[in-house]
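Chains as they are written, first to last, in this note's numbering: chain V, 1 to 116; chain X, 1001 to 1111. The beta carbon of each residue, even a glycine, is placed where N, CA and C say it ideally should be.
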Amino acid sequence: GAGVSQSPSNKVTEKGKDVELRCDPISGHTALYWYRQSLGQGLEFLIYFQGNSAPDKSGLPSDRFSAERTGGSVSTLTIQRTQQEDSAVYLCASSLPQGRGNQPQHFGDGTRLSIL
Amino acid sequence: QKEVEQDPGPLSVPEGAIVSLNCTYSNSAFQYFMWYRQYSRKGPELLMYTYSSGNKEDGRFTAQVDKSSKYISLFIRDSQPSDSATYLCAMRVVGNTPLVFGKGTRLSVIA
């Protein structure tokens, strides 16, 4: 399909383990965002990549969270030493560069992460 | 106070009703205002987008922005059971910035 693809769709892991979540954005979209959606909390911004610029990491909740984007396309969000409060749906979105207008962000269906 | 406030509902209406969904915000720098619809276990999909103040209509949906009151609304006319979903307001300032979301309102349209 032509949409944002995320994998895995579901992930269950034990507390203390590391997890990697993958996002494959829409082809040609240079902007990529990670959000977290917790029950009753809405979507919370985590990190933003735009082209070759340094990412905006201002939303990452702790140093256990990191993300990279290789070759300006696929992105991986890594959570180290997972805690139960990390349980949430992790959503990825991509868009064309914002520039002077508003480019809509297109979301994937997310990875549902459960920490036991 | 959160930057964006949205009543989580749930809101239940009969088929054919007019639905009004609202958000308030505190950051006067917000310029772009969006409404997303999210079905269960799916990602949000963009419904409407408005730049600055004013109204925008698309079929059964109307988005309104009142920047003086820091208040935005989404109206759904002739609501259908297929409109049952969570509706998220989102907004951002000018430039390369992420969206700031409300918590979402869960809507059920009963046939």
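I want to verify the contact list: residues of chain X whose CB lies under 8 angstroms from the CB of D109(V), in sequence order. R1041, K1042 and G1043
Buried versus exposed, by CB contacts within 10 Å (16 or more), K1103(X): buried
Q84(V) beta carbon less than 9 angstroms from that of L116(V): yes
Let's test the definition: count the other Cβ atoms within 10 Å of the Cβ of T78(V) and tell me whether it reaches 16, buried, or not, exposed. By the neighbour-count rule (16 or more Cβ atoms within 10 Å), T78(V) is not buried but exposed.
Checking contacts by CB at 9 angstroms: is P1098(X) closer than that to chain V? yes
Which residues mark the beginning and the end of the beta strand (DSSP E) in which Y1051(X) is found? E1045 to Y1051
Name, please, each residue of chain X whose Cβ falls closer than 7 angstroms to the Cβ of N102(V). Y1032, Y1049 and Y1051
Outcome for D86(V) when other beta-carbon atoms lying within 10 angstroms are tallied against a minimum of 16: buried
Boundaries (first-last residue) of the beta strand (DSSP E) holding Q1038(X): Y1032 to Q1038
Where do the N-terminal and C-terminal ends of the beta strand (DSSP E) with E44(V) fall, by residue? Element bounds for E44(V): G42 to Q50.
Quick one: is S94(V) buried, meaning 16 or more other Cβ sit within 10 Å of its Cβ, or exposed? buried
Under 8 angstroms Cβ-Cβ, which residues of chain V neighbour L1074(X)? Under the 8 angstroms cutoff, chain V gives no residues; its nearest Cβ is about 16 angstroms from L1074(X).
I1113(X) lies in the beta strand (DSSP E); which residues open and close that run? Residue numbering for chain X in the displayed model covers 1001 to 1111; residue 1113(X) lies beyond these limits and cannot be assessed.
Let me see if you follow: with CB-CB separation under 9 angstroms, is A93(V) close to chain X or not? yes
Excluding the 5 residues flanking Q1031(X) on each side, which residues of the same chain have their C-beta closer than 7 angstroms to its C-beta? Y1051, S1052, V1093 and V1094
Are the segment 1005 to 1023 of chain X and the segment 66 to 80 of chain V touching, with three or more C-beta to C-beta distances below 8 angstroms? no
Identified DSSP bridge partners for A2(V): Answer is none; A2(V) lacks a bridge partner.
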